[in-house]
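There are 2 protein chains.
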Amino acid sequence: MEMNRQALLDGLQEFLRIPSISTLPEHKPDIRRAADFVARELREAGMRSVHLIEGEGNPLVSGEWLEARGKPTLLLYGHYDVQPPDPLEEWKSPPFEPTIRGDDIFARGASDDKGQTYILIQAIAGLLRARGSLPVNVRFLIEGEEEISGHHIESYIQQKGRGIGADAVVICDTEMFAPGLPTLCIGLRGIVYTELEVTGADHDLHSGIYGGAAPNPLQAIAEIVTALKGRDGKILIPGFYDRVRPPTQAESDAWSRLPFDEKQYREKEVGVSELTGEPGCSVFDRTWARPTLEVHGIRGGFVGEGAKTVIPARATAKISMRLVADMDPQEAFEQYSRYVVQVTPRGTRSKVTLLNSAGPSLVSTDNRFIQTAAAAMSEVFGKETVYIRSGGSIPIVGLFDQYAGIPSVMMGFGLPDDNLHAPNEKLHLPNFFNGIVAVTRYLEILGDL
Amino acid sequence: MEMNRQALLDGLQEFLRIPSISTLPEHKPDIRRAADFVARELREAGMRSVHLIEGEGNPLVSGEWLEARGKPTLLLYGHYDVQPPDPLEEWKSPPFEPTIRGDDIFARGASDDKGQTYILIQAIAGLLRARGSLPVNVRFLIEGEEEISGHHIESYIQQKGRGIGADAVVICDTEMFAPGLPTLCIGLRGIVYTELEVTGADHDLHSGIYGGAAPNPLQAIAEIVTALKGRDGKILIPGFYDRVRPPTQAESDAWSRLPFDEKQYREKEVGVSELTGEPGCSVFDRTWARPTLEVHGIRGGFVGEGAKTVIPARATAKISMRLVADMDPQEAFEQYSRYVVQVTPRGTRSKVTLLNSAGPSLVSTDNRFIQTAAAAMSEVFGKETVYIRSGGSIPIVGLFDQYAGIPSVMMGFGLPDDNLHAPNEKLHLPNFFNGIVAVTRYLEILGDL
């Protein structure tokens, strides 16, 4: 297969230079630029009817090629929005100036998900350039709200329903289990992301004058957080684990055969002296098959240089729960909310707000779209494809299943050390190029069935 | 006594307009302006040898009048630095634009401590203007690092030692127990102010991919904080209470006679539905005679608008302890540090830094300087003076005792609802004017002994 690697890299870098951070309102114009970039690339690839679908949030980018009569139709999904880059000072090169060091390209969005979205686009572009046609029908649907769990694509899928006009969806937004090991992700955790606000006195107080008698909202947040999750990693919300479906024995056995060095994971990938989490659970259990509860930020009081002896009137925390099959986000949020009220310390009031949520998903391996993808990946990477889960959340997988009734094929080309959502995010360039080949082969094999 | 109230107010407002925030380096020029203002006022009051004492930190302002032969010498203490005004949005009028509403003047530093420092200066100015001389000798020592527990005045007192040339120190930096109730503060809590840093993984992590296995420094801070202090307000550091000296029965009895409405305190002064703190302890015990531990700020992770699914690599908290007689700051810090290590969750590392500390103090009422002050206050306010303690810390009280061997007379004219260290700090103007009269009468009575 012919590839102009420099041209591919140039295009990718142009994409990565756009700071399309969906969570920060001041980047709205960059969101628009990124959507326009994707539309232009789709047109150049040879897609028809390329257009932006405007709606309540950031635009979806759509394009299609539907001339493979009698062949299946794949919906190709990616997202053009990215996470914020902070803490900025920890980046070795600026997050929006893509920089190649060794075999990796470093930039916010390199792996999640601009690089992988670009793999899909360029696989199609290459096929059309080489053959003048595609072996199967494709529809692109690239969104700009993945990192904020926006509702635009949800409304779109809900509205289209079974008339979405595709037999399966290909999602390039996950990772390979290990370098060179072809991987299909078949399970994802859901999420319930909340903000907890705690108020105490009706104004900030001097800790000398009032300390000992006045409630402290920061202390209260600490008490609520430790009431939510024990030191052993077990979530203490009543009923929270009731619906958790354990992995099958076959799946657990397959996980135990995965190439995994816990010491390496702990010391190199996570970079920590000791892992935490529930005792008696493997790392796979803890990150793929068990729910977790995490505090993402706490704000309140004085955090500047030096000392201020204040008892703040108010403090907030961002707290999320990851859910596994068969937990229900609505039910989990209600259990959480009820319990927070119960464990709120005297003298303080708490309020929880749901910022976003998504259900967990578990895709059956028993269909030709998954099995063909496994075959294509095996062929390109020269190893048997493994089925894994991911601890992350890709809400649209559940939505495609629920509303459109089509399975998701999660072909991922990221790597575990890609620093997603963290400083120095990267994409391994051999995966970028092999990813294009793998997607190409997937369509070819699927077209030959 | 003649008073040009408008001129006094004009001078006070000029003082209050200077944003001399000692904890913020960008306000260094304002610190200098405030010191110069004090020096100018001392010169205009008739003080001799007025000058700034330069040293390792912000200047001390010194001035003296020593012509009352055979009479005692008072050292008059105040501070010209102030706390930061944040959160700014909660001020009804700008913190550095003094605004009179009703009987109060609102500004950062109005009560703590520019207003009270100005009381001392104007009492002396008035006496010299009216009599051409003072009934006792005075030395002013006005500092600019009280809010940051700077070491300049400490070095000065240590260096001068018994040669400080004063028989007692008058400190105007406390409050009256109730409006119109003359009050002398005889006890102060000490402080140990620390910063706690907790690190987990060596980089920020995605909570989906790693949540459940990776340590979370924010969770760790919550666990450490709740290990330090129980839900009942009891500090759990081993040995922490060993040196706590309970108040005498006589002192406890006197406290029980103070005009105090706990419902009013709770609902109006603190503004809270329920007080916290150790069971079985009165509010006076909890804020005056018992140590406390408070979290002043927690920083880490994502606290912007929206959602970011990060497990931060690092988080920090500002944590202080208030100490009572006979606790030792060094020992308390060591107990705290050792215990933090013990309760740091697995997978995380913690580091504590001492930002500042001061010992507790308890002044004997058995001397003429205290007793004369009580008499002067009683005369001016028309009620018997009460002896109280304060939960706050004024480190120099301990230093004057330890190094110079002189007692501190804490004549305070603040009120409990002055919003110290909080938005809408104020000074009750009748207290401002009566304070000037009370200090004047104190010097007159002392000169007649």
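Going down the list, the sequences are from chains A and B. Per our numbering, the first sequence starts with residue 7, numbered consecutively. Per our numbering, the second sequence starts with residue 7, numbered consecutively. Ideal placement from N, C-alpha and C gives every residue a C-beta, glycine not left out.
In terms of Cβ geometry, residue 181 (chain B) and residue 420 (chain B) form a close pair [threshold 8 Å]. Taking the Cα positions, residue 188 (chain B) is about 12 Å away from residue 265 (chain B).
The criterion of a C-beta distance shorter than 8 Å is satisfied by residue 22 (chain B) and residue 113 (chain B). Using beta-carbon distances, residue 313 (chain A) counts as an interface residue toward chain B, with a partner under 8 Å. Closest by C-alpha distance to residue 295 (chain A), out of A:302, A:249, A:276 and A:267, is A:249. Secondary structure at residue 71 (chain B): strand, using DSSP grouped into helix, strand and coil. Residue burial is scored here from C-beta neighbours: residue 347 (chain A) has fewer than 16 other C-beta atoms within 10 angstroms and is therefore classed as exposed.
Within its own chain, the residues whose Cβ lies closer than 6 Å to the Cβ of residue 102 (chain B), once the five positions on either side in sequence are excluded, are 23 and 25, listed in chain order. At a cut-off of 8 Å between C-beta atoms, residue 246 (chain A) does not count as an interface residue with respect to chain B. With respect to chain A, the C-beta atom of residue 216 (chain B) has a partner C-beta closer than 8 Å. Residue pairing by DSSP puts residue 204 (chain B) in a beta bridge opposite B:321 and B:356. With a cut-off of 8 Å on Cβ pairs, the region 409-429 of chain A is not in contact with the region 328-348 of chain A, counting fewer than three such pairs. Straight-line spacing of the CA atoms in residue 223 (chain B) and residue 358 (chain B) works out to 14 Å.
The beta carbon of residue 364 (chain B) sits closer than 6 Å to the beta carbons of 196, 197, 399 and 401 from its chain, once the five residues preceding and following it are set aside; these are given in chain order. Contact with chain A is absent for residue 262 (chain B), since none of that chain's Cβ atoms lies less than 8 Å from the residue's Cβ. A:327 is the residue among A:425, A:313 and A:327 whose C-alpha sits nearest the C-alpha of residue 243 (chain A). Residue 441 (chain A) and residue 121 (chain A) have their C-alpha atoms spaced approximately 10 Å apart. Listed along chain A, the residues sitting closer than 7 Å to residue 89 (chain B) by beta-carbon distance are 314. For residue 112 (chain B), the secondary structure class from DSSP, reduced to helix, strand or coil, is strand. Considered as a whole, the region 369-444 of chain A harbours 374-387 and 401-405 as its complete alpha helix (DSSP H) runs of no fewer than 4 residues, in chain order. In this chain, the beta strand (DSSP E) harbouring residue 146 (chain A) covers 143-149.
Look at residue 274 (chain A) here: in three-state DSSP terms it is helix.
Our two residues, residue 162 (chain A) and residue 38 (chain A), have alpha carbons roughly 19 Å apart in a direct line.
Here residue 232 (chain B) is buried, its C-beta having at least 16 other C-beta atoms within 10 Å. Annotated three-state conformation of residue 127 (chain A) is helix, per DSSP. Taking the Cα positions, residue 289 (chain A) is about 35 Å away from residue 451 (chain A).
Interface with chain A (8 Å Cβ-Cβ cutoff): residue 110 (chain B) is excluded. Per the DSSP secondary-structure output, residue 191 (chain B) pairs in a beta bridge with B:394 and B:416. Nearest CB-CB separation between residue 434 (chain B) and chain A: not below the 8 Å threshold. Here the alpha carbon of residue 11 (chain A) sits roughly 8 Å from the alpha carbon of residue 439 (chain A).
Three or more Cβ pairs closer than 8 Å define a contact, and the region 80-90 of chain A meets that threshold against the region 144-155 of chain A. At a Cβ-Cβ threshold of 8 Å, residue 434 (chain A) and residue 253 (chain A) do not count as neighbours. Burial of residue 297 (chain B) is indicated by the presence of at least 16 other C-beta atoms within 10 angstroms of its C-beta. Take the alpha-carbon of residue 255 (chain B) and the one of residue 287 (chain B): they are about 14 Å apart. Judged by beta-carbon spacing, residue 81 (chain A) lies beyond the 8 Å limit of residue 133 (chain A), meaning their Cβ atoms are not closer than that value.
Between the alpha carbons of residue 97 (chain B) and residue 44 (chain B) lies a gap of roughly 26 Å.
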